[in-house]
Structure formats: structure tokens, C-alpha cells
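This report refers to the structure that appears directly beneath it.
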Amino acid sequence: MGKPPTDTRPMNYAVPQYLEAKRTVDTRAFSARVRDRLLAELPEKPRILEAGCGTGTMVSRLHKWGVEAGTYRGVDRSESVLAYAREQREAELNAEPIDGGFRVADLNVRFEQGDALSVFKGEDADLLIAASFLDLVPIREAFDAFNDALKSDGLIYAPLTFDGGTIFQPDHPADREIERVYHDHIDSLPGRDVRAGRRVLDHLRERSGRLLSVAPSDWIIRPRAGAYPANERAFLATILEFVAEAVGDHPDADDWLHIRRQQLEDGVLSYVAHQYDFLYRTAES
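With the numbering used here, letter number 229 in the sequence shown gets 627, and the count goes up by one each step, no holes.
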């Protein structure tokens with residue numbers, strides 16, 4: 399298995415180290431209730447698409463959840479991330495290489511580079527997955543594109559949709575101000591929305607399909623006896639760097655960041671990000 403390539407672009411989420419380090423955080427966060435409803439609604443051999451598939455960890459989850467037949471096509475904009483996904487997931491799952499991808503049990507898997515808001519049009523899929531995605535793109539545009547990618551009454555599974563809560567513990571006097579500046583910076587970026595979770599709830603009321611299930615899916619990272627599980631220290635260090643980039647030379651930034659980095663080094667820093675999981679069925683045509 400290859401070493402993840404590095405990428406130093408500012409506030410760049412498409413970095414294999416970051417995506418792999420958050421894997422255990424995601425696993426704890428997923429709503430079991432929404433996941434179980436998803437699995438109950440899937441056909442026996444689903445056609446699955448994933449928008450912003452990253453390093454392909456959803457393929458491993460689907461396999462663990464018992465989805466062992468059908469097709470999966472994951473799309474991401476980063477070719478370096480996709481190259482890592484192909485190598486890592488094929489090796490991890492002991493998969494059989496096939497033309498353009500690999501096979502796990504009877505599930506054919508392939509990853510490709512592209513824009514998930516345009517490349518899936520007309521696919522007639524059963525399920526579209528968009529994990530940690532809807533806070534990165536315009537919500538209405540995303541759901542219109544997803545609808546065009548799915549068959550009549552297809553499923554959209556959108557877990558880990560951020561909804562405007564960034565919490566660090568222990569308390570610091572500048573927490574609220576740092577959070578405000580951090581969120582304002584994210585909102586200033588094209589297509590971004592730090593309150594995407596609640597916006598999705600509002601938007602789905604306007605559409606003619608059905609919201610089958612929704613539940614919170616907060617990221618929660620906390621040390622145990624001064625240590626962090628798996629590679630979660632590195633993940634949390636990356637979050638702090640995202641905050642540092644966002645707050646820039648704000649008067650409170652230096653002290654806040656110095657204390658938070660020291661707390662991380664000492665194994666006492668905890669972190670929560672508020673999120674939602676959604677399962678939506680599009681309207682019958």
C-alpha cells in the first residue's frame with residue numbers, strides 16, 4: 399500500500415492524510431438509524447454513485463454493511479486522491495482487479511476524476527452518496543444534479559453534513575469570536591455554507607420527494623488518558639490549521655492557537671463538529 403501523497407494547498411480537504419485520519423472519526427459519527435434505513439431501502443444489486451468519494455473509504459463501509467453486489471462509481475476532482483483510493487481500497491479489501499477498477503464479492507468498483515455535479519447526469523442509479531459534501535457546494539444545484547443522476551424514486555444518502563457548530567474544549571475566552579471568524583471565512587468561499595445541515599432540511603421541504611430519515615452525526619474527538627485513538631491527533635492538528643488559516647491575524651488568534659496546540663500536544667484537547675445524516679427518496683416520475 400502506498401504512502402499518501404502530500405498536498406499543501408490552503409484549506410484543502412482533498413488530502414489523503416486528512417481523509418484517512420478522519421476515518422475513525424466518521425465511523426463513530428454515522429447515525430446507525432439512518433444507515434439501517436438506507437440498507438433496508440436498497441435493492442439487492444444497487445447501482446451506486448458517490449460524489450466526492452475521496453480515498454474511497456465508503457466502499458469499505460458498504461462492504462462491511464453487507465452491500466456485496468451491484469456497481470459502485472466514485473467521482474472526485476483530485477486525481478492524486480483517486481490514485482490512492484484505487485491502490486489502498488483494492489489492497490485493503492483483497493479485491494479482484496477488473497478492467498477499470500476492482501471487484502469485491504459481486505460489487506464492481508471504479509473511481510474516476512470529474513465534477514460530481516455534472517458527470518452523473520442520466521446515470522439512472524439507485525443510490526447517490528454524498529458524505530461530507532453538501533456544505534461544500536450550492537445545495538439546490540447539488541440536489542438538482544443528484545435528481546438527474548438517479549432513477550425515479552432513487553435514494554440520496556448524505557451523511558456528515560456540517561451544520562455550524564465548532565466546539566473546542568477546555569473553554570477559552572476567545573472561543574465564540576474564533577468560531578465566528580472561522581465560520582465567516584468558510585462562508586466567504588464559493589459554494590460553501592457552514593449551516594448546510596439546516597439549509598438541507600429547509601430545501602427538502604420544497605422538493606417533491608420524501609425525507610426518509612435524518613439524525614445528528616457529530617464528529618467527537620476526545621483523548622483517552624492523554625492519547626488519541628488511531629490517527630485522530632493528526633486529524634485534529636489539521637483542523638487547527640484550517641482555523642489558523644481562517645482567522646489570520648485576528649487579535650485573539652495567536653493566544654488561542656498557541657493554547658489549543660499545546661493542549662493537543664498534552665493530550666487534553668477535545669473537539670466537536672455538529673453534523674446531520676440525511677436519507678432522501680426522490681419523487682416518482
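Backbone N, C-alpha and C define an ideal beta-carbon position, used for all residues, glycine too. Computed from a prediction, not measured in an experiment: that's the story for all the values here.
Top-ranked residue by Cα proximity to residue i, from the options
{"i": "alanine 671", "options": "Asp600, Ala625, Arg597 and His581", "result": "His581"}
{"i": "phenylalanine 541", "options": "Arg603, Tyr482, Ala632 and Val592", "result": "Arg603"}
{"i": "glycine 589", "options": "Ser606, Leu534 and Ala635", "result": "Leu534"}
{"i": "phenylalanine 518", "options": "Asp591, Gly563, Tyr470 and His461", "result": "Tyr470"}
{"i": "alanine 594", "options": "Arg433, Glu510 and Ser530", "result": "Ser530"}
{"i": "lysine 420", "options": "Ala528, Leu655, Gly450 and Ala632", "result": "Ala632"}
{"i": "tyrosine 674", "options": "Ile496, Asp561, Leu480 and Gly452", "result": "Asp561"}
{"i": "aspartate 551", "options": "Val473, Asp664, Leu610 and Ala449", "result": "Leu610"}
{"i": "threonine 559", "options": "Leu634, Leu599 and Ile565", "result": "Leu599"}
Through-space distance from residue j to residue i, alpha-carbon basis
{"i": "tyrosine 669", "j": "valine 645", "result": "18 Å"}
{"i": "glutamate 490", "j": "proline 414", "result": "15 Å"}
{"i": "serine 516", "j": "glycine 607", "result": "21 Å"}
{"i": "aspartate 513", "j": "alanine 623", "result": "43 Å"}
{"i": "aspartate 569", "j": "isoleucine 619", "result": "15 Å"}
{"i": "glycine 563", "j": "alanine 528", "result": "20 Å"}
{"i": "valine 457", "j": "aspartate 591", "result": "27 Å"}
{"i": "phenylalanine 676", "j": "alanine 438", "result": "15 Å"}
DSSP state of residue i mapped onto helix, strand, coil
{"i": "arginine 593", "result": "coil"}
{"i": "leucine 505", "result": "strand"}
{"i": "alanine 449", "result": "strand"}
{"i": "serine 429", "result": "coil"}
{"i": "valine 462", "result": "It is worth fixing the name first, because residue 462 is lysine in this sequence and not valine. In the structure shown, lysine 462 sits in a helix (DSSP, three-state: H, G or I)."}
{"i": "valine 413", "result": "coil"}
Contact under 8 Å by Cβ, residue i with residue j
{"i": "leucine 548", "j": "proline 444", "result": "no"}
{"i": "alanine 503", "j": "alanine 467", "result": "yes"}
{"i": "arginine 487", "j": "glycine 454", "result": "yes"}
{"i": "alanine 483", "j": "phenylalanine 500", "result": "no"}
{"i": "alanine 613", "j": "valine 432", "result": "yes"}
{"i": "glycine 520", "j": "valine 479", "result": "no"}
{"i": "glutamate 575", "j": "aspartate 650", "result": "yes"}
Chain D within 8 Å of residue i, Cβ atoms only
{"i": "tyrosine 482", "result": "Absent from the structure is chain D; it holds one protein chain and no more."}
### Message
So within the segment 590 to 676, which uninterrupted alpha helix (DSSP H) runs reach at least 4 residues, ignoring any that extend past its ends?
### Response
The segment 590 to 676 contains these whole alpha helix (DSSP H) runs: 594 to 604, 630 to 645 and 651 to 664.
### Query
Mind pulling the beta strand (DSSP E) runs of 3 or more residues that sit fully within the segment 466 to 529?
Counting whole runs of 3 or more residues, the segment 466 to 529 contains the beta strand (DSSP E) stretches 467 to 474, 494 to 496, 499 to 502, 504 to 511 and 523 to 527.
### Message
If we require 3 or more residues per run, which beta strand (DSSP E) segments fall completely within the segment 529 to 577?
### Response
Taking only runs of at least 3 residues, the beta strand (DSSP E) segments lying wholly in the segment 529 to 577 are 548 to 567.
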